[in-house]
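Respectively, the protein sequence lines represent chains A and B.
Per our numbering, residue 1 is the first one in the first sequence, and the count goes up by one each step.
Per our numbering, residue 1001 is the first one in the second sequence, and the count goes up by one each step.
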Amino acid sequence: MKLLHGIFRQLGLAGILAAACSTAAAQSAETMQALAAKAAQGEPVVWYESSPENQIGEVLKAFNQRYPDVRVKYVRMVGGNELASRAIQEVQARGHTADLLTGGPDHLWQLNERGLVRDLSQDQLGLPPALLPVNYAVPTTASVYVLLWNTRKVTDEQAPKSWDAVINEKWTGHVGSWVRAAAFAQLASVWGEDKARTSLENFVKLKPYLFKSTFPLAQGVASGEVDVAIGFYHSAQPVLDAGAPVKFRMLDPTPMHTISSSVSKSARNPSGATLLMLWLATPEGAKAYEQATSRGNPLVSSTKTYEMLQGVQTAEWPFADVAKLADLNEQYNAILAKSRPAM
Amino acid sequence: MHAMKPSGAGRTHYARSLPALVVLLVLAYLVLVPLGILVISSLTPSGLPFDKGWTLGNYALVYADPEFWSMVWVTLRFAVGSMFWALLLGVGLAWLVERTDLPGKTPIRVLLTLPMAIPPFLLAIGWILLLSPRIGVINVFLRDTLGLEQAPFNIYSVAGMIFVQALSLVPSTFLILSPAFRNMDPSLEEAAMTAGASRYRIFARIFVPLLAPAVLAAATFMLMVGFLVFDIPGTLGMPVNIFVLSSRILYLATDSAGGMSAYHIISTISVFFLVILLIQAWGYQRLTRNASRFVTVTGKNFRPRLSRLGRWKWAALAFVGLYFLLATVVPLAMLAWTSLMPWMMPPSLAAASQASWANHLAFFTDPLTLTALGNSLLIGVVASTAVAAFSVLISWIVVRKRGVSGKLVDFLAFLPIAIPGTMIGVALIYVYLNMPLLNIYGSVWIIAIAYITTYIPFGTRTTNAVLMQLHRELEEAARTSGAGWWRVMRRVVMPLALPAALAVWIWVIAHCMRELSSALLLQGGGNQTLPVVLWNFWVGGEPNKAAAVGIWLVALVFVTMLVWQAAGSRKPRNAQ
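Right under this line is the structure:
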């Protein structure tokens, strides 16, 4: 039964991806031209996102090649929580915030609950359903979980090939994790809550080293501080690019977090914000974004992430279940927080 | 002498009260606004002060949770432990430098304050590369050499956190205590020696009481820093799930589930800090209530009496050298190593072949980094100058007006230490978003204001201790000679307080160069500071670039300290 469920899920995802890709490439060129003309008349588009400035600089260079008259001011918000909190504070105090807000489903959901983001379903944007999973957000990229290992400490053969192999007592004190248990919360969408919880409890028994962010986690693998770790594909790229003794593989199922963009209701250049958001979801925009940040949109066929996830069962709660995801994150983070010190 | 008219007397009284009034108003603005927002935040369901609804539920949620109290216990061990060791080392070093004939004092003063320039989380990373049970160079060496099964040291522990935190706190302790040691009147010791008092008796009956305000000030300050600092416990404790309150606050701000920073919990925990602070402030007030007991600088000229070290000179130099080695040389060497590498790796001959200057070149060619450097310098100079000047003024009011107004000013000046940088950031966002006439939101000036508020407690602890040692007779003599308030301040108080003011200045600028939590929250495009860039490199997977920035940050602060030392040495040690 579970096998069938998995096959259906994979087929379903493939169908969604195919449908998204076939329409995304042609997503209303006329609409975008009209938006560009309007956006060029307005103020610079203020964009809140979490990627480093130099990376977004590359993205905006590509955007401005296509739309040279639309100006964008980028402000980095490290961590999605800051994005939501800052946007709410700004609206409460001065009536407006950034034009375009890019974050996780929980962050955008918070903003939507407060009525701070636009209802995009009324805008006739011509987006396929996969690129408009809820009426206020367009998926623009994703963070995909991978297993990382240090090749000087662990051979390719020894490196876990399944989640059961990760949760093996031989990795006790040698495994690393992000300080959030978000991977297990996403796994619950495929495994069910009980199995995900039990797996997390067993993982906690391995006394994992916890890292503030998945980037230092990848560095921890590279330095040999931990032998194996559950990290993100994109945050492993800096050490891989630097030639560190690190390899990665995706486990089955592969948890991921889709990151989306929303247009602020208080946007002072809504056309510009909508244009930038739509462009990020085009093959050109998605490719430019992935090349700059290593995070790609699994719904757009021009990305490596799309190719990487072909035939892979992903684990992610649908956007509509964001409240459920938030609840699980809280519960699972508390379980991870109960892991005893490794030494 | 001339008789004053009643109206003139009124004007004089008004003029004398004016500074206290102005200071009180400025302090109230700087301190009470964030404090008010913090308290309101703790009483709202989301922690956002403008949100509807009031609740006491946050207090029940936080204080009824046994985990909170176990975290308090860990925090207490960490804070008291690091305060104790920092104080022990700081007292020893301040005594050696100020009251003995230790050779090479001028360079030693600079070298002892240099660790302040190293951002604490980079200091912690340096020690991970040395004492991590798995990859730490010292551990690996000892394990391999002695054939040990387990690593002898574990930096991922409360003891490891205390060790690194104490090393980083010593410069602050040294800077608070040095002026007090310097300003001790040797005639008291001489009188005691003439009367045949033993060394122990002189220490217990003269040194301890005279230094009590400065030592208590340092202890109070270090203890609160221990409660609030997150860099070192976050870097060394979090990997093995050891949370202190401050690292928990960071976690709640950035990693809490649900998509929003948990400001309601953060502010409720901060109220606990306020209670701790109130207890400390009360204790400090009680212990220093008879200010005249601590007066050592009077109208008489004196030079500090220096103890001869004799053959202990080399042992003393070794002690200073050992501290410098552990607090600066070793972690800086680790930083330098990391800055030359393409990814994080422990030092080894095999890895040395991969060294390059790429990360350093990036520092000088990246416009973002250079802009951040300019921002940091501007904010640092403005904030440190404002804090130093304001601290002397506040302390003068506190010491000379020992009444309710003095106590109120003193208390207000100490309060910000209990407000985490994150909450100061939240408060200032609201304040300046609502002040369209003062359009500083997103600029460097909002960060400067945050720093002035944050560092006033340190400034006033240092200058309070020194001004308590100044006898009123100097100012009275000046007034008798017809000097007005400003002239007395400029010609008498300021010169005498200059060593302390300079110590505050250098401490504040060094800390502005590395402060992160407020700057991170208040960044808005063009106002990024160097620590924010450094932090972004770190969390963005470029620790080697972060290390390169750290190296140049240390170099910058080192140059600043040389200038400070040069400026300080141009003034007489004890102005007359």
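Quick reminder that beta carbons are idealized off the backbone N, C-alpha and C, glycines included.
These figures come from a predicted structure and were not determined experimentally.
For A:R249, the enclosing beta strand (DSSP E) covers residues 246-249. Using a Cβ-Cβ cut-off of 9 Å, B:Y1029 does not count as an interface residue toward chain A, since no Cβ of chain A sits closer than that to its own. Per DSSP, B:I1429 lies in no beta strand (DSSP E); the unbroken alpha helix (DSSP H) holding it starts and ends at 1421-1433.
Residue pairing by DSSP places A:R76 opposite A:E49 in a beta bridge. Annotation for A:P245: N150, T151, R152, A222 place their beta carbon closer than 8 Å to its own, counting only its chain and skipping 5 residues before and after. When Cβ-Cβ separations below 9 Å define contact, A:Q219 makes contact with chain B. In this structure, the beta-carbon distance from B:P1045 to B:H1360 does not fall below 9 Å.
Within chain A, the C-beta atoms nearer than 7 Å to that of B:D1255 come from V179, R180, in chain order. The closest CA to that of B:F1558, considering only B:V1271, B:T1328, B:A1212, is found on B:T1328. Considering only beta carbons, the part of the segment 80-92 of chain A lying closer than 8 Å to chain B consists of G80, N81, E82, A84, S85, R86, I88, Q89, E90, Q92, in chain order. Annotation: the continuous alpha helix (DSSP H) that includes B:I1176 extends over 1158-1182. A direct Cα-to-Cα measurement between B:A1028 and B:L1412 gives close to 7 Å. Taking all protein chains shown into account, A:L280 has 16 or more neighbouring C-beta atoms within 10 Å of its C-beta and is therefore buried. Under the three-state reduction of DSSP output, B:F1273 falls in the helix class. For B:Y1455, the enclosing alpha helix (DSSP H) begins and ends at 1444-1468. The continuous stretches of beta strand (DSSP E) do not include B:G1310, and DSSP gives it neither H nor E.
In the three-state DSSP reduction, B:T1560 falls in the helix class (H, G or I). Close to A:V78, with beta-carbon spacing below 9 Å, are these residues of chain B in chain order: T1254, L1520, Q1523, V1532, W1535, N1536, V1539, G1540. Taking a Cβ-Cβ cut-off of 7 Å, the neighbours of B:R1134 in chain A comprise G224, E225, given in sequence order. No residue range can be given for B:P1103, since it is assigned to no beta strand (DSSP E) and is classified by DSSP as neither H nor E.
Under DSSP, A:F211 forms a beta bridge with A:W178. Taking the Cα of B:I1449 as reference, the smallest distance to any Cα among B:L1428, B:G1459, B:A1465, B:N1464 is reached at B:L1428. Close partners of B:S1261 in chain A (Cβ separation under 7 Å): N81, E82, S85.
With a threshold of 16 other beta carbon atoms within 10 Å, B:W1505 meets it and is buried.
Cβ proximity to chain A below 9 Å picks out D1051, E1067 from the segment 1051-1079 of chain B. Residues A288, Y289, A292 of the same chain have their beta carbon placed closer than 6 Å to that of A:V59, with the five preceding and five following residues left out of the count.
Within the segment 225-305 of chain A, the runs of beta strand (DSSP E) at least 3 residues long that lie entirely inside it are, in chain order, 228-232, 246-249, 254-263. In the structure shown, A:G42 falls within a coil segment according to DSSP collapsed to helix, strand and coil. For B:L1516, same chain residues with a beta-carbon under 6 Å away, outside a window of 5 residues either side, are P1531, W1535 in chain order. Annotation: the continuous beta strand (DSSP E) that includes A:A142 extends over 138-150.
Nearest CB-CB separation between B:I1128 and chain A: below the 9 Å threshold. Residues of chain A whose Cβ lies closer than 7 Å to the Cβ of B:M1344 are, in chain order, Q219, A222, S223. According to the DSSP assignment, B:G1081 belongs to the alpha helix (DSSP H) that extends over 1066-1099.
For A:A242, the neighbours in chain B by C-beta distance under 7 Å run, in chain order, P1342, W1343. CA-to-CA, the gap between B:L1378 and B:W1564 works out to about 17 Å. Proximity of chain B to A:S235 at the Cβ level (cut-off 9 Å) is accounted for by G1540, G1541, in chain order.
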